[in-house]
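Enquirer: Chains as they are written, first to last, in full-length UniProt numbering: chain A, 1 to 86; chain B, 1 to 328.
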Amino acid sequence: MKEKTDTHLVEYAVLLSLAAIISLLFYYFRYDHRVLIFLSGVASFGYVLWGIIHHAVEGRLTKFIAAEYAVFGVLIFFLLYTVLSF
Amino acid sequence: MSVLTGKKKSNIVKDWRQQPKSIEKFQFVHHFLPHPEQQKRATLLSNRAIVIYCLAMLLIAGVFRFLPKVVPGVLGYASDITVKDLLTYTNARRKDAGLSELRLNSALTSAAHQKAEDMFKDQYWAHISPDGTEPWDFILGQNYDYIYAGENLAKNFSNSKDVVEAWMKSTSHKENLLSPNYDEIGFAVVNGVIEGYETTLVVQMFGRPRNAAQVASVYEEQTVLEKEATAAVSERVELPATEGTSESLQQPVYTQALPENPALDVTVATKTVSAVFGGFVGTLLALDVWYSKRKGIHKFTGHTVAHLGILVLVVASIWFVLTPGIVL
């Protein structure tokens with residue numbers, strides 16, 4: 001149980017670190033929309049990848065869960081792209 | 001987790017059949033709340049629903065792209081940019097870098113205005129016009145004989161500080177802004193419609209005159225600033241066609257931009273669309289976390305808290321980090 005909690009913490013720490021790095025890059029490149037669109041794509045893809053790896057490690061990855069992360073990744077990208085493309 | 005036996009389940013179904021309204025209520029609630037029996041998320045959080053939100057956002061973005069082609073000028077970028085502020089921020093940056101301040105020159109200001117007018121007239125956004133006119137042609141056209149000259153462009157910004165900050169973030173624009181080769185500067189802040197969008201173009205022109213004695217005096221700088229400040233109130237003044245008025249005077253005259261208010265500000269509109277969709281999904285996720293914990297529902301899905309955290313971060317970035325504006 002403890003091992004599982006530790007793995008969980010490590011995986012969430014990875015997600016938080018990625019989110020913090022992307023946020024800093026977003027702030028640094030806030031005037032360059034092309035870079036921001038690229039970063040949005042990287043962030044969305046990274047989140048999908050994190051979700052899939054996290055559930056695979058937990059041994060509960062299904063097609064439905066993979067699809068869920070994929071649609072959430074697309075949603076995140078569209079939320080940012082709608083603003084950045086104008 | 002609640003497990004219903006077959007007998008209990010059939011009793012519930014029997015009760016519901018007698019009270020169809022309770023079934024409707026039960027079904028409606030689970031559009032927003034997770035389903036304890038089916039152990040699923042709310043219907044409005046299903047993968048299919050998320051795909052529909054994505055398609056809806058694409059459709060709205062498409063409308064924002066298409067509308068300016070049908071009704072030019074209805075969409076635009078609100079702005080409050082002034083020559084005085086641009087000059088102040090530019091010189092502050094130069095001062096920080098240990099460089100001399102630039103003087104506002106009337107010839108460079110006129111050249112910048114002509115460039116902005118030319119971009120609106122021929123509907124382009126580039127340093128070189130479609131007919132091959134270069135920035136130097138506008139500068140030389142004002143009889144400004146230079147050793148060094150440069151040009152920075154910006155559009156769709158909402159304030160002067162963001163314009164200068166954006167130039168400072170771009171290597172090539174920063175090189176112009178902090179070049180020791182320039183003594184003088186000229187700005188044009190002009191409102192108009194470009195590619196169907198009501199916007200403000202900013203043209204910044206730099207120069208060093210061949211004759212050092214020709215560098216603008218403080219008096220000349222003040223005169224240019226006063227002229228810019230008292231420029232006509234409308235960004236595009238169409239003079240009435242009266243008898244004896246020459247054809248050139250009837251052409252739209254682009255003037256110093258005042259705070260711009262288009263019918264619909266694209267920045268606010270797109271941010272609102274993203275915030276509404278993001279906020280809606282975020283609220284449903286928060287409800288999912290709360291209700292699942294309260295009712296002890298264990299769903300076989302992805303991590304709701306992770307989805308919620310990422311979504312909050314994205315919506316916050318949209319509102320507090322993203323700014324409109326492009327530099328060239």
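All C-beta atoms in this analysis are idealised placements derived from N, C-alpha and C, irrespective of residue type, glycine included.
Measure how close the beta-carbons of B/E184 and B/L108 come, nearest whole angstrom, since I'm counting them as under 8 Å.
Expert: Taking the second sequence and counting its residues from 1, the one referred to as residue 184 of chain B is at position 184. Taking the second sequence and counting its residues from 1, the one referred to as residue 108 of chain B is at position 108. Contact flag correct, Cβ pair sits at about 6 Å.
Enquirer: Three or more C-beta pairs closer than 8 Å, one from the region 171-188 of chain B and one from the region 91-111 of chain B: is that the case here?
Expert: Flag = yes, the region 171-188 of chain B and the region 91-111 of chain B touch.
Enquirer: What residue from A/Y12, A/L36 and A/E11 has the CA that sits closest to A/S23's CA?
Expert: Mapped onto the first sequence, residue 23 of chain A falls at position 23. With distances taken between Cα atoms, A/S23 lies closest to A/L36.
Enquirer: Residues in the same chain with beta-carbon distance under 8 Å from B/T133, minus the five sequence neighbours each way, listed in chain order, please.
Expert: If you number the second sequence from 1, residue 133 of chain B lands on position 133. Within the same chain, B/T133 has close Cβ partners D118.
Enquirer: Residues in the region 198-215 of chain B with C-beta within 9 Å of chain A's C-beta atoms, listed in sequence order?
Expert: Going along the region 198-215 of chain B in chain order, one finds no residue with a Cβ nearer than 9 Å to chain A.
Enquirer: Please decide whether A/F26 counts as near chain B, where near means a Cβ-Cβ distance under 8 Å.
Expert: Here residue 26 of chain A corresponds to residue number 26 of the first sequence, with the count starting at 1. Yes, because at least one Cβ of chain B sits closer than 8 Å to the Cβ of A/F26.
Enquirer: Could you tell me the distance, in whole angstroms, from the CA atom of B/P36 to the CA atom of A/L80?
Expert: Locating residue 36 of chain B in the second sequence gives position 36, counting from the first residue. Locating residue 80 of chain A in the first sequence gives position 80, counting from the first residue. Going by the C-alpha atoms only, they are around 33 Å apart.
Enquirer: Run through chain B and tell me which residues come within less than 7 Å of A/S85, C-beta to C-beta.
Expert: Residue 85 of chain A sits at position 85 when you count from the first residue of the first sequence. Near A/S85 (Cβ distances below 7 Å), the residues of chain B are A61.
Enquirer: Roughly how many whole angstroms lie between the Cα atoms of B/Q39 and A/I65?
Expert: In the second sequence, the residue the question calls residue 39 of chain B occupies position 39. In the first sequence, the residue the question calls residue 65 of chain A occupies position 65. Going by the C-alpha atoms only, they are around 14 Å apart.
Enquirer: According to the neighbour-count rule (16 or more other Cβ atoms, all chains shown, within 10 Å of its Cβ), is A/E68 buried or exposed?
Expert: As a first step, residue 68 of chain A must be located in the first sequence, where it is residue number 68. When all chains shown are included, A/E68 counts as buried.
Enquirer: Measuring straight from C-alpha to C-alpha, what distance separates A/T82 and B/Q214?
Expert: On the first sequence, residue 82 of chain A is found 82 positions in, with the first residue counted as 1. On the second sequence, residue 214 of chain B is found 214 positions in, with the first residue counted as 1. Each residue's Cα considered, the two are about 49 Å apart.
Enquirer: If we require 4 or more residues per run, which alpha helix (DSSP H) segments fall completely within the UniProt domain "SCP" (88-197) of chain B?
Expert: Here the runs fully enclosed are 106-122, 135-141, 160-169 and 171-177.
Enquirer: Kindly indicate which three-state DSSP category B/I326 falls into: helix, strand or coil?
Expert: The count along the second sequence starts at 1 and reaches residue 326 of chain B at position 326. Looking at B/I326 - three-state DSSP - the assignment turns out to be strand.
Enquirer: Quick check on this structure: which residue in A/L18, A/S85 and A/Y28 has the alpha carbon closest to the alpha carbon of B/M57?
Expert: By 1-based counting over the second sequence, the position of residue 57 of chain B is 57. Per the Cα distances, A/S85.
Enquirer: List, in order along the chain, the chain A residues whose C-beta lies closer than 7 Å to that of B/K271?
Expert: Locating residue 271 of chain B in the second sequence gives position 271, counting from the first residue. Within 7 Å Cβ-Cβ: V83.
Enquirer: Counting Cβ pairs, one atom from each stretch, are 3 or more of them under 8 Å apart for the region 289-307 of chain B and the region 267-275 of chain B?
Expert: No contact exists between the region 289-307 of chain B and the region 267-275 of chain B.
Enquirer: Among the candidates A/E58, A/A43, A/D32 and A/W50, whose CA atom is the shortest distance from the CA of A/T7?
Expert: If you number the first sequence from 1, residue 7 of chain A lands on position 7. Here the closest residue by C-alpha is A/E58.
Enquirer: From A/A20 to A/Y27, what does the alpha carbon distance come to, in whole angstroms?
Expert: As a working mapping, residue 20 of chain A is identified with position 20 in the first sequence. As a working mapping, residue 27 of chain A is identified with position 27 in the first sequence. Approximately 11 Å, taken between the alpha carbons.
Enquirer: By the 10 Å Cβ neighbour count, where 16 or more other Cβ atoms means buried, how is A/S44 classified, buried or exposed?
Expert: Along the first sequence, read from residue 1 onward, the residue named residue 44 of chain A stands at position 44. With 16 or more other Cβ atoms within 10 Å, it is buried.
Enquirer: Would you say residue 124 of chain A reaches chain B, if we count a Cβ-Cβ gap shorter than 8 Å as a contact?
Expert: This structure cannot speak to residue 124 of chain A, because chain A is shown only from 1 to 86.
Enquirer: Quick one: which residues of the region 308-327 of chain B get their C-beta closer than 8 Å to a C-beta of chain A? List them in chain order.
Expert: Residues G309, I310, L311, L313, V314, V315, S317, I318, V321, L322, T323, P324, G325, I326 and V327.
Enquirer: Does chain A have any CB closer than 8 Å to the CB of B/T90?
Expert: Your numbering for residue 90 of chain B matches position 90 in the second sequence. Chain A contact via Cβ: absent.
Enquirer: Taking the CB atoms as reference points, tell me whether B/V190 and B/H113 lie closer together than 8 Å.
Expert: Within the second sequence, numbered from 1, the residue matching residue 190 of chain B stands at position 190. Within the second sequence, numbered from 1, the residue matching residue 113 of chain B stands at position 113. Their beta carbons are under 8 Å apart, which means B/V190 touches B/H113 by this criterion.
Enquirer: Taking the DSSP output, what are the residues bridged to B/V202?
Expert: On the second sequence, position 202 is the one that residue 202 of chain B refers to. Beta-bridge pairing links B/V202 to B/A154 and B/V189.
Enquirer: Hey, could you find the ends of the alpha helix (DSSP H) A/V83 is sitting in?
Expert: As a position in the first sequence, residue 83 of chain A is number 83, starting the count at 1. Looking at the DSSP string, the run of the alpha helix (DSSP H) that includes A/V83 is K63 to L84.
Enquirer: Looking only at DSSP bridge pairs, what is B/G207 linked to?
Expert: The residue you call residue 207 of chain B lines up with position 207 of the second sequence. Paired residues: B/A149 and B/E184.
Enquirer: From B/E235 to A/R34, what does the alpha carbon distance come to, in whole angstroms?
Expert: As a first step, residue 235 of chain B is located in the second sequence; it is residue number 235 there, counting from the start. As a first step, residue 34 of chain A is located in the first sequence; it is residue number 34 there, counting from the start. Only weak support exists for where B/E235 lies, its pLDDT of 45 falling under 50; the coordinates are left without a value.
Enquirer: Sorted by chain position, which residues of the same chain lie with C-beta nearer than 8 Å to A/V74's C-beta, five sequence neighbours on each side aside?
Expert: One-based indexing of the first sequence puts residue 74 of chain A at position 74. Closer than 8 Å at the Cβ level, and outside the excluded window around A/V74, lie S44.
Enquirer: Whose Cβ in chain A lies nearer than 8 Å to the Cβ of B/N47?
Expert: The residue given as residue 47 of chain B occupies position 47 in the second sequence. What B/N47 touches in chain A: F64, A67, E68 and V71.
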